[in-house]
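**Q**
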Amino acid sequence: MIALLLAAAFALTFSLFMTPLFVRLFHRLEWGQFIRDDGPQSHHTKRGTPTMGGIVFILGAVLGYVFGHAFAPSVPYTSSGWLVVLLMVGLAIVGFIDDFMKVRNQRSLGLTGWAKVAGQVIVAVVFAVLALQFTNEHGLAPASTAVSLVRDIEWLDFAFFGTVIGGILFAIWVIVIVVSTSNGVNVADGLDGLATGASILAIGSFVFIAFWQFNQACHNPGLDPTVAYKCYEVRDPLDLAVIAAAIAGSLIGFLWWNTSPAQIFMGDTGSLGLGGALAALAILTRTELLLVLIGGLFLIVTGSVIVQRVYFKLTKGKRIFLMSPLHHHFELKGWAEVTVVVRFWIIAGLCVAAGVGLFYLEWANR
Numbered sequence: 001m002i003a004l005l006l007a008a009a010f011a012l013t014f015s016l017f018m019t020p021l022f023v024r025l026f027h028r029l030e031w032g033q034f035i036r037d038d039g040p041q042s043h044h045t046k047r048g049t050p051t052m053g054g055i056v057f058i059l060g061a062v063l064g065y066v067f068g069h070a071f072a073p074s075v076p077y078t079s080s081g082w083l084v085v086l087l088m089v090g091l092a093i094v095g096f097i098d099d100f101m102k103v104r105n106q107r108s109l110g111l112t113g114w115a116k117v118a119g120q121v122i123v124a125v126v127f128a129v130l131a132l133q134f135t136n137e138h139g140l141a142p143a144s145t146a147v148s149l150v151r152d153i154e155w156l157d158f159a160f161f162g163t164v165i166g167g168i169l170f171a172i173w174v175i176v177i178v179v180s181t182s183n184g185v186n187v188a189d190g191l192d193g194l195a196t197g198a199s200i201l202a203i204g205s206f207v208f209i210a211f212w213q214f215n216q217a218c219h220n221p222g223l224d225p226t227v228a229y230k231c232y233e234v235r236d237p238l239d240l241a242v243i244a245a246a247i248a249g250s251l252i253g254f255l256w257w258n259t260s261p262a263q264i265f266m267g268d269t270g271s272l273g274l275g276g277a278l279a280a281l282a283i284l285t286r287t288e289l290l291l292v293l294i295g296g297l298f299l300i301v302t303g304s305v306i307v308q309r310v311y312f313k314l315t316k317g318k319r320i321f322l323m324s325p326l327h328h329h330f331e332l333k334g335w336a337e338v339t340v341v342v343r344f345w346i347i348a349g350l351c352v353a354a355g356v357g358l359f360y361l362e363w364a365n366r
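Take the sequence shown: its letters are residues 1 to 366, numbered as in full-length UniProt numbering.
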């Protein structure tokens, strides 16, 4: 518990006080946001606002994770915790390349869509391979080959197809989760503070989930024998709670500067990194399908883009929304940006509450 609190506190403090320094540095480097001409007119005033702010809170999260362990040596580093860092930082690097190309070329498009997906796939495959390694003394690897909701679903285990084919199917499943989640956060990052606030709620839920799993873990010596039949077969849940707390804390500090009017944007560096963190936490806590609820806001805004494009093609030019993603539709309807953001945060909070509620109800009614 001490490691968890220290990690969150250090990450929050770092992000809160270091972000202004990075804002000045990015201004000096001329790493400013380029605004597309077909976007809402109110966004044109944001042109030149420093971007790539994900560097700040990702650095804060990693340092917070290290700090929490340094001052709570009774909680060891684990492969699970470092796998979350790997996926988060790996996707952040893909996002940084995209952001840097935008800044250098002074246009709103960096990497091509397929190039970005290729980068995400490479990082996801590396994560998938490593996540099945590092078995502990109980035979548990950080991830399992089974699809999971609140626990592994035994009849949806890719291992049934054999080691090779099962491993390939697992890697494909991980790719689907990683690419969809990271792009979902990326699409939501269109208004000041929107993706940051929604990510705080989503990643914060994994602090609770992982810490609960730690207390109810099958190999926890302090597990109450009367509820042992409900125990969780998850490797390193406490360390997963620590890294989740560090990320959430760092995001809270960053939100101080990212909320309207934003003094810095997270960029693809931040949004892809956050999507990676969410995907890793869901996979390693065995709550993959539950992520659909916990990250419900990201699903909604991404779905609005897909629906808009499909409807546009089917009707040869007609639109359901004034503009997609959905948050821009409400801006064009006349809602103030802050109003859209706060209401979408409420939706994100309700989705997270539903996800955490389902997680707890499964345990209570088991």
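Heads up, the beta-carbon is just placed ideally off N, CA and C, and yes, glycines get one too.
Please name the residue, chosen from Ala124, Ser144 and Val123, that lies closest to Gln133 on a Cα-to-Cα basis.
**A** Start at 1 with the first residue of the sequence shown, and residue 133 comes out as number 133. Nearest C-alpha to Gln133: Ser144.
**Q** Rounded C-beta distance between Ala64 and Ala8? I'm assuming under 8 angstroms.
**A** Residue mapping note: residue 64 aligns to position 64 of the sequence shown, counting from 1. Residue mapping note: residue 8 aligns to position 8 of the sequence shown, counting from 1. Reading off the sequence, residue 64 comes out as Gly, not Ala. Correct: roughly 7 angstroms between the Cβ atoms.
**Q** Can the beta-carbon of Ala352 be found less than 7 angstroms from the beta-carbon of Ile294?
**A** Taking the first residue of the sequence shown as 1, we reach residue 352 at position 352. Taking the first residue of the sequence shown as 1, we reach residue 294 at position 294. The sequence given here places Val at residue 352; Ala does not occur at that position. It is a contact, given that the beta carbons lie within the stated cut-off.
**Q** For the region 73 to 92 against the region 249 to 258, are there 3 or more C-beta pairs whose distance is under 8 angstroms?
**A** Contact between the region 73 to 92 and the region 249 to 258 is absent, because fewer than three Cβ pairs lie under 8 angstroms.
**Q** Assuming Val174 contacts Ile283 (C-beta within less than 8 angstroms), just tell me the rounded distance between them.
**A** Taking the sequence shown and counting its residues from 1, one reaches residue 174 at position 174. Taking the sequence shown and counting its residues from 1, one reaches residue 283 at position 283. Right, their Cβ atoms sit about 7 angstroms apart.
**Q** Relative to the C-alpha of His219, which candidate in Val207, Ile209 and Asp236 has its C-alpha closest?
**A** Position 219 of the sequence shown, counting from 1, holds the residue named residue 219. Selected option, being the one with the closest Cα: Asp236.
**Q** To the nearest angstrom, how far is it from the Cα of Pro225 to the Cα of Ala217?
**A** For this step, residue 225 is matched to residue 225 along the sequence shown. For this step, residue 217 is matched to residue 217 along the sequence shown. C-alpha separation (whole angstroms): 11 angstroms.
**Q** I think Thr287 touches Val150, with their Cβ atoms under 8 angstroms apart; what is that distance to the nearest whole Å?
**A** Taking the first residue of the sequence shown as position 1, residue 287 is located at position 287. Taking the first residue of the sequence shown as position 1, residue 150 is located at position 150. Yes, Thr287 and Val150 are in contact; Cβ-Cβ is about 6 angstroms, under 8 angstroms.
**Q** Grab me the residues of Gly90's own chain with a C-beta within less than 6 angstroms of its C-beta, minus the 5 sequence neighbours each way, in chain order.
**A** As a working mapping, residue 90 is identified with position 90 in the sequence shown. Excluding residues within five positions, the ones whose Cβ falls inside 6 angstroms are Val123.
**Q** Taking 7 angstroms as the limit between beta carbons, can you name the residues of its chain near Ala246, skipping five residues before and five after?
**A** Walking along the sequence shown from the start, residue 246 turns up at place 246. The answer, listed in chain order, is Ala7, Ala8, Ala11, Ala61, Gly64, Tyr65 and Gly68.
**Q** Taking all protein chains shown into account, decide if Glu154 is buried (16 or more other Cβ within 10 angstroms of its Cβ) or exposed.
**A** As a first step, residue 154 must be located in the sequence shown, where it is residue number 154. Looking at its Cβ environment, which holds fewer than 16 other Cβ atoms inside 10 Å, Glu154 is exposed.
**Q** Where Gln33 and Gly270 are concerned, what is the direct C-alpha to C-alpha distance, given to the nearest angstrom?
**A** For the purposes of this step, residue 33 is taken as the residue at position 33 of the sequence shown. For the purposes of this step, residue 270 is taken as the residue at position 270 of the sequence shown. Looking at the two C-alpha atoms, the distance is approximately 14 angstroms.
**Q** In angstroms with no decimal places, state the Cα-to-Cα distance between Leu194 and Val342.
**A** Position 194 of the sequence shown holds residue 194. Position 342 of the sequence shown holds residue 342. Straight-line Cα distance between these residues: approximately 8 angstroms.
**Q** Got a sec: is the Cβ-Cβ distance from Val147 to anything in chain C below 7 angstroms?
**A** Any reference to chain C falls outside this structure, which holds one protein chain only.
**Q** Terminal residues of the continuous beta strand (DSSP E) containing Pro212?
**A** Numbered from its first residue, the sequence shown carries residue 212 at position 212. According to the sequence shown, residue 212 is Trp rather than Pro. No beta strand (DSSP E) holds Trp212; the alpha helix (DSSP H) holding it covers Leu194 to Asn215.
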